[in-house]
Structures are given as structure tokens and as C-alpha cells.
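Same order as they appear, the protein sequences are chains H and P. Here the first sequence stands for residues 1 to 330, where the numbers follow the numbering used here. Here the second sequence stands for residues 1 to 570, where the numbers follow the numbering used here. A virtual CB, placed ideally from N, CA and C, is assigned to each residue, including glycine. See below for the structure under consideration.
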Amino acid sequence: MKKLTYLFLLIAALFISCEKDGIEGPNLNDLFGELNIIENFMIVGDSASFTSGSAYFTAKFSKIVDWKISITGLSSGAEKIIIGKSNEINATNSLWRGEVSLLPFFKEENCSVLLTFPMHSDTISDSFVINGAKNYGNGSELVVSDFENGFNPNFTNFFQSTCLKKIETGDAGQSDRFLVQEGTCDWDWLIGYVDYPANHWLQQGTLNANPDNVYFNMMIKGDSTLSPTNEANSLFKLEFYEDENQDGYYDQNTEDRLEVEFDVNWNGWKMYSVKYSDLILAWNSGGNAIREPNKILKFRTLLLANPASGFAKADVDYIVWSEGSPILNQ
Amino acid sequence: MTKFIKNLIFFLILTPLLSSGQVAQKVWYDGNSRAMFYRDALSGDLKDIDTTSTRSEGEGYTAIDLGMHFTPNNQIEIFSEIRIKNDFGYMWGSGAYVDLRRLSVKGILNDRISFNLGDMFLKQTVFTLNNFDQELSKYEPSVFQAYRDLIEYENFYFDDYWRMQGLQSNFSYTFYNAINSVEADFFASRVRGVEWLGEPELLMLGGTSLIKLENSLSVAINHVNSFEVQSSSLDTATYYNPVTNVQLEYVKKINDLNYKASLDLGGSTRGWQEKNGTTIYEASGSFLKGVLKATNKRIMTSVGFSYVDPDFRSAGAQSRRVNYISAPSSYAYYTNNTLLRPISMMDITTDPNVYNNRLSTSLMHYNTLYTAVSPYGEATPNRVGPSFSFEYKNKDNSVLVSTEAAYYKELIGQGTTEKRALFSSGLMLTAHLEKLSPLKNKTVFEASVSNENVERGGSDLEAISFNSMMLSAGLSYELFKNLKIIGGLKSFAGKGNEVGSQRDEYDQVVGYELLDFDSKEDILMLGLQYNFTNDIYFSLQTNKIDIDDKTSEISQLSLSRIYFMFNMNL
């Protein structure tokens, strides 16, 4: 019996000593503790040139917390937002290569930097200088037009008599100039269209033949106009014409037309990107039904609106083909 | 000759009747009966402040549970219990209804294997299948018997068995070698049936195998597996929870003390599996418990220790009796904002409708104020520590003293590396004063105190200091044979801070609730009780109930209650 008692005491001591490391559930301090800045918010790489360089931010907090860094271009109005949840901001979670979250693109400009915490009232501000704006693309991109040199007269177009297209300077999505498209047409859905023939694109080249690898990107500036039924007033349509037999002409009976349309239901600049393989074959398309971006003859952008709904507007800037991913991801 | 023929005819007619009378085929009846009535009246400050609640409310009913036993032969018994209940205040049958309360078939196959079909009461070990007592009921004076009987009877709480439906079978064999006997028990039960567009069917299978060896050693293997049936629901994931408990027991008599050493060890796995076989979430945990007990005619003492892993989960052993997600019967809504009144000590002590009758697949909610140390009984996860208990009764059983204490540490801290230290203790005294004093009439005095304490160090945010104490007392004095005047008190106070945990659907801690307590609750009781027998009695009593939560201006309630119960259990 004595041996048994010793055995019991031994086992008890063994188990009492087997407490576990770590914690169960989220850290109490992270949920209810006060937020203290242990290491000040710093910018590493100020005055950077994003043509090749990068910057990041550093700070340390007393607890794991949701944080948000907002960088706003004081000239362009571009905005980059970096968010995270940690007790430390460092190169791993705040690296910035000059890309943008909310268009337009950053320029060479001064920026304001704001560190905020969604669950706390603390705010820390700083400033940042961009000495060289980021160049988007991975080297395989083809720029169709950025309208910096005006409107290419080879881009055939039609706009209703009560509507217009024009080049405007200032508040562009990229650089300085962009194409304005707007008007009211109470007898037709079409406000206007522009054709962009491949042989007149700003940069010449052949697109990758793999439709899963080719992205069409276009900056579109919407306005907040809504129709009387409270729907987005402007409808945008893209049509891509393939020259399958490479004879320099598009024949709808023997060749494909691909398209996509969407509401312009936002305000300000936004990059619209679509993968070529996601485009829909037009109902009357007569080709081989194979998406062949390397055989594009031209594409057409159409601005449409319900005749009953009044004014419509969708400005355009920086039209570019990219390879591998949407242009803003490069 | 004529007489002979008459006798022969008489014999030939009666013989089959007599022989059929030899078969033990009979129907017999038993039953229980209850008449209960209570009326609560608001008192105290709330009576003036609360202008939306009624000044008083109450209800009552008469119920008869008629048990019918039909034994077609010596091996089979069919049992059904039908409840006929009539709520007070209704006429022409509108408040009356008839329910089937229990139905079962029992029998023995070939005089070797017994079986039970239908309603059955199941229990294994404290880690596999066990219906542990509700909080605030430890050392409850017997003068509160009327309430306790009501709660246990209405909720089918017989000892620590769970009432379930299904099939149970057991058999035993006796040997004359190193193995003295082997006993086996198996069951299959349906815990939850099919719900239209709801949760899947929940089944529980289990078994116990007990081997007694000739050297006073016995080994038992207990296993239960509760699981949801994938094909019975549109849910994409179903639950499974096998638990195994191996028990070793050794008994020996040394001098005049009987020693018993027991060791429980085992583990559980609980998870959810998708239709394609992918496991969404799975956790395993183990446990170990050892007890060394010594008893003789006058004393019983035991020391033990237990270890329960933070991930140990057992639906059969961790399902709680009190369901805090329920509305109390008395003044369910109160204050001028018509708030749902939280479950209090009064409800736990007196209201059968706040109790749970079904196993839960996840850890049920509990109130830290009332049960901070072992909210899930002995199978409470994340605990390690020793325990001690001692009982003494004097020569003529006129004095019984019982005490116990347990100290646990958390194995892993919740939300911090600091771990809680949890301590519970209790002391109870029962004295039959007529044996100890010149009193001639039967007089029983009971008093007890229970305490719970939780401490955790660390920063202001992490630190916990909580203490609760329950004082109970009861006195019954026999005015004349079988008629007693009874008085009792239950007084609970809890003060301090705690951190409640919020869990997701897989019982993982995902958040916390910072809790502050400063609460006091009292139930005072005075009445008369007439006992026809121990289980047949009527009780007429008046209660004064006070609930005062100082951390909240609205959590105050004072009631005066008149309560009558006639109880008959056969």
C-alpha cells in the first residue's frame, strides 16, 4: 500500500508540473490593453525614386493592433493605403514600391503620410517626397494611349451631336492629359465610341497568344450621376475585333468579336482590368471561337446611356495591355 | 358415475385455466403524483420602481404519472408512464393534457443477457458519461427537499444518470480462476432526432467492460462515441467525439480500514468532418485522475489528484444541467424596460424549467459567479491539481461532519501566460439534536458553507481576484409524529472580477468578457411538512427571496413566495 501511495504522489507531481506554454485564445492585452507607441513611427527611404527603389515604415506598439498607413499625393491626389494587424510595422508588412491604391498615379510630388488605428483615436502624421514615380509594367506591356500627345486622329470615332469627346489637362489619371467623353442623348443609347486600331497604338508589338496571360487595362473616371431610377447612368462597353486570317480586315461572318460591358458606377478614377480569356464571344461572332489576343485588329470603346436617364460621362486615360497580371499589380 | 363424469368434466375445463394461471402474465400499476402551487409577489424597491410588471404572479398544477407494467412472461416487462396534468385555473379540459412520459421494454435473453429498449438511464464515468450536479446544490439542507425533488423528477435526474432513448444490453460471467468475473454493458442511443432543415441526427454508442481479478484488482474499459449522421442533414460538416476511459481499482483491508486506490486515465478526440472526408477542426485531449480512499464505519477520507487537458471534450460528461440560455418561470421579464431576467440562485434552486435534458456537443454557457472552479464537473478542461475529502459520523449517527477541498491550476493561461489558481472548499454539519440534547421531538439541524476562490496574477488587465461563498442552513422540528416545522436559508455572495471567455462553434476561445461581481442572494424559507413516508409528503412554506447585484442598478429583485407541494413517489 505504501508503494502505491508513493506511486500516486509521483504521478500527481508529474502532472502538476506539466503545465503548458503559450496561451489559449487571443491575447487579453491585444483586446483590452491600452495602445502605447513603443518605437516612434519612422519612414525608411524618404525621397525615394520608385523607378527602381522602395520605401517602408517602422514602428512598435504595446499590443497587436489594426493599423492603417495612408499616403496621399499632395499634387496628384493619389492615395496608397497599407493596412496590417501586428505589434510592429517593418519592411515585411509595409514595403511600398510607389504603387497606388486609389488612382490617379503618384507623380514626383510631396505626400502626406498618416498612421491611424481603426479601433483607437491615436493618429500619427508625417511627410514623404517622391523623387521618381513608379513605372507600371513588367516589360511586356503595350501602351495603347495615354493622351499626353493629344487625341490620335487615327483613332476613328463617332459621338452624337449633343455629346463630345475632348482632351483635357489636369486631374488626369496618369500624368497630365486624358480623354473626356460625355453628353446627353435622348434618342439613342449611344453617347459615342472610339476605335483603337492596333497599328496606331502608342507602343507597337504583338500580344501574347495565350488569352489567360493577357490583360486589358484602362483608366476610367466615373461621376456620381445616377439615373432617375437610381441606377448608374453610364454604361461602358468594350469590343475586341480579331483578324483571324490576318488579311487586315474584320469579317463578322468568319471572324470573332469579343466583348464585355459594365456600369460605370463609381466616382473618380479607377483602373478597369479584364483578362482576355474572360471576354464574352459576341452573339453574332462567326469565327473559330478561340480567343486569340495576338490577332487583334482593333478594339472599340463605347459609352452608352439610357436615353431617358440624361447626362452620362466616362473619361478615359492610360489604356495599356499587360502580361501576366493586371497592370496595377506590376 | 354421474358424479364421476361431472368431476371429470370439471377437471378437464379447469386444468387449462389452472395451467394458464401458472404463467406469470400480469399487469400491474404504480405511479407518482404531484400537486404544486406557488405565488410570487414583488416586494422591496422594485415593487415601487417597476411599474410594468404585475404585482404578483403564480401558477400551479396537479399531475399524475401513471405507470403501467405489463409482464407477458418472466423474461419481459413492458413499462409505460402516462402523465395526466391539469393546470390550475382552466376549465373543461383546456388546461389539461395527457403525455407519454416514459416507455420502455426490458427483458432477459436466455437468462444471461439483459436488454432495455426505449427510455433508459445511462451513466459511465465522470469523463465519459455523467450527469453531474448543478451548481449551488452541494450540501443543500434537506428542508429544501420539495424543490429539489421537483427539479430532479421533472428533468429525469436520477442520481447522475442521463435519461436517453435507445437500446441497452448487459451481461456478466463468473469464473473460478484468476479472473473472478467479467461484466459488459453496451448501449446505442439517439440523442437528437432528425430536424427539418436543421442539425443532423446525433447518436451515441458506448460500452463498458469490467474485469474483476481474484487479487482485488479490477480493470474497466469505458468508451463512448457521440457523432452526427452525415446523411441525415444538409449540413456540410458533422461532429464526432469518441472518449475512452480506462479504470484500475485495487482494494485492500488493513487493520480496520478499507483502502481503495483507483486510477482513471484516457482521452478524447473531437472534430468536424466534411462530406468529402476533410477534417475541418480536430482536437485531442487526455485526462488522468487518481484517488486513494480509506473508510471504516465512522470515517471516510480520500485524497486525489486530477489532470484534464485543455482540449479534452466529452459531450456525455461535460453537458451541464442548468441552461443559462433559458427564461425563468417566475418574473421572466422585469423592470420598466421589460428585460429578460438572468438565471439566478432562486431559479437554480426552485425552477425545473431552467434545466437541460439533452447532451450538448459544445461547452455550454455558465455563470462564473455561481460556478467558477469546475463548471463542467470533474471533466472541466484545463485543470490540474489535488483534492481532499473527509467524512465523520459519530457512534449513534447523531452527528455527521463532511468537508472537502480542491486546488487546481490552469494548464494553459487564457489570453495571458498567467494561469488561474482555483480553490474550492466546503464544510457541512448535520446534527440530530434530539439525540444530543434533552429535546424529545425529532430535531435536525444542518449547516454548511461552500467557498470558491479564483486568483490570477499579472498586470491590472490580467489579474483576477474572485471569491464566492454559499451559506446554507436548515432546521426541522417535529411538532408531532410526521408533522415538521421547517426553516431554512440559502445565502450566496460573490465579489471580485473574472474574465469570461467567448467561444466559437468549435469551442475555441475567440474573445473575452471582463466581468465584475458584487452580488448577494438570499432565500429564506419557513413552513410545515407532513411526511406520510419519506417519498410521500406535503410541504407548505413561505419564502423570502432577495437578489441584489450591486454592479447593476437594474439587477435587483425581491419576492415573497407562498409554495405548496404534495409529492408522492411510489
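Inter-residue Cα distance where the pair is residue i and residue j
i                      : j                      : result
residue 22 of chain P  : residue 108 of chain P : Low confidence applies to residue 22 of chain P: its pLDDT is 44, below 50, so where it sits in the model is not reliable, and the reading given next is rough at best. Computed Cα separation, rounded: 19 Å.
residue 446 of chain P : residue 424 of chain P : 20 Å
residue 238 of chain P : residue 456 of chain P : 37 Å
residue 191 of chain P : residue 202 of chain P : 5 Å
residue 410 of chain P : residue 499 of chain P : 14 Å
residue 286 of chain H : residue 279 of chain H : 16 Å
residue 66 of chain H  : residue 86 of chain H  : 7 Å
residue 220 of chain H : residue 196 of chain H : 16 Å
residue 223 of chain H : residue 203 of chain H : 30 Å
residue 305 of chain P : residue 462 of chain P : 27 Å
residue 142 of chain P : residue 64 of chain H  : 53 Å
residue 188 of chain P : residue 274 of chain P : 24 Å
residue 267 of chain H : residue 107 of chain H : 21 Å
residue 201 of chain H : residue 511 of chain P : 57 Å
residue 76 of chain H  : residue 169 of chain H : 13 Å
Pick from the options that is closest to residue i, judged by C-alpha positions
i                      : options                       : result
residue 401 of chain P : P:363, P:386 and P:432        : P:432
residue 502 of chain P : P:249, P:513 and P:496        : P:513
residue 243 of chain P : P:345, P:453, P:157 and P:130 : P:130
residue 286 of chain P : P:306, P:312 and P:274        : P:312
residue 32 of chain P  : P:68, P:59 and P:506          : P:68
residue 220 of chain P : P:241, P:264 and P:349        : P:264
residue 252 of chain P : P:218, P:283, P:91 and P:267  : P:218
residue 396 of chain P : P:121, P:405 and P:430        : P:430
residue 570 of chain P : P:301, P:64 and P:57          : P:64
residue 127 of chain P : P:140, P:200 and P:225        : P:225
residue 105 of chain P : P:434, P:119 and P:507        : P:119
residue 404 of chain P : P:314, P:427 and P:437        : P:427
residue 72 of chain H  : H:47, H:58, H:110 and H:242   : H:110
Proximity below 8 Å, CB of residue i to CB of residue j
i                      : j                      : result
residue 186 of chain H : residue 307 of chain H : yes
residue 169 of chain P : residue 211 of chain P : no
residue 70 of chain H  : residue 114 of chain H : yes
residue 214 of chain P : residue 180 of chain P : yes
residue 272 of chain H : residue 291 of chain H : no
residue 98 of chain P  : residue 78 of chain P  : no
residue 370 of chain P : residue 553 of chain P : no
residue 157 of chain H : residue 194 of chain H : yes
residue 412 of chain P : residue 310 of chain P : yes
residue 54 of chain H  : residue 97 of chain H  : yes
residue 519 of chain P : residue 527 of chain P : no
residue 41 of chain H  : residue 146 of chain H : no
residue 310 of chain H : residue 162 of chain H : no
residue 274 of chain H : residue 216 of chain H : yes
residue 40 of chain P  : residue 61 of chain P  : no
residue 316 of chain H : residue 178 of chain H : yes
residue 320 of chain P : residue 328 of chain P : no
Residue i, buried or exposed, once every other Cβ within 10 Å from all chains shown has been counted against 16
i                      : result
residue 119 of chain H : exposed
residue 74 of chain P  : exposed
residue 567 of chain P : buried
residue 373 of chain P : buried
residue 175 of chain P : exposed
residue 38 of chain H  : exposed
residue 321 of chain H : buried
residue 492 of chain P : buried
residue 36 of chain H  : exposed
residue 212 of chain H : exposed
residue 318 of chain P : buried
residue 174 of chain H : buried
Residue i Cβ short of 7 Å to the ligand SAH heavy atom set
i                      : result
residue 325 of chain H : Looking at this structure, you won't find the ligand SAH or any other ligand, since it has none at all.
Cutoff 8 Å: residue i Cβ touching any chain B Cβ
i                      : result
residue 375 of chain P : Absent from the structure: chain B. Protein chains present are H and P.
* Asked: Which ranges does the beta strand (DSSP E) cover as unbroken runs of at least 3 residues, wholly within the stretch 173–201 of chain P, from first to last along the chain?
  -> For the stretch 173–201 of chain P, whole beta strand (DSSP E) runs of length 3 or above, ordered along the chain, are 179–192.
* Asked: Which ranges would you report for the beta strand (DSSP E) in the stretch 293–319 of chain P if only whole runs of at least 3 residues count?
  -> Whole beta strand (DSSP E) segments, 3+ residues: 299–308.
* **Every unbroken beta strand (DSSP E) within the stretch 445–518 of chain P, with a cutoff of 3 residues, ordered by chain** => Scanning the stretch 445–518 of chain P for uninterrupted beta strand (DSSP E) segments of 3 residues or longer gives 464–480 and 483–503, listed from N- to C-terminal end.
* 3 or more residues per run - each beta strand (DSSP E) lying fully within the stretch 341–399 of chain P -> DSSP runs (the beta strand (DSSP E)) wholly in the stretch 341–399 of chain P: 383–393.
* Please specify which runs of the beta strand (DSSP E), each continuous and at least 3 residues long, are wholly inside the stretch 216–273 of chain P, giving them in chain order. => The stretch 216–273 of chain P contains these whole beta strand (DSSP E) runs: 217–228 and 237–254.
* To do: Please list the segments of the beta strand (DSSP E) lying wholly inside the stretch 96–179 of chain H, counting only runs of 3 or more residues, in order along the chain.
  => If you keep only unbroken beta strand (DSSP E) runs of at least 3 residues inside the stretch 96–179 of chain H, you get 110–117, 120–132, 142–145, 157–159 and 163–169.
* Identify every run of the beta strand (DSSP E) within the stretch 267–324 of chain H, keeping only runs that are complete inside it and at least 3 residues long; order them along the chain. => Counting whole runs of 3 or more residues, the stretch 267–324 of chain H contains the beta strand (DSSP E) stretches 268–275, 296–305 and 315–323.
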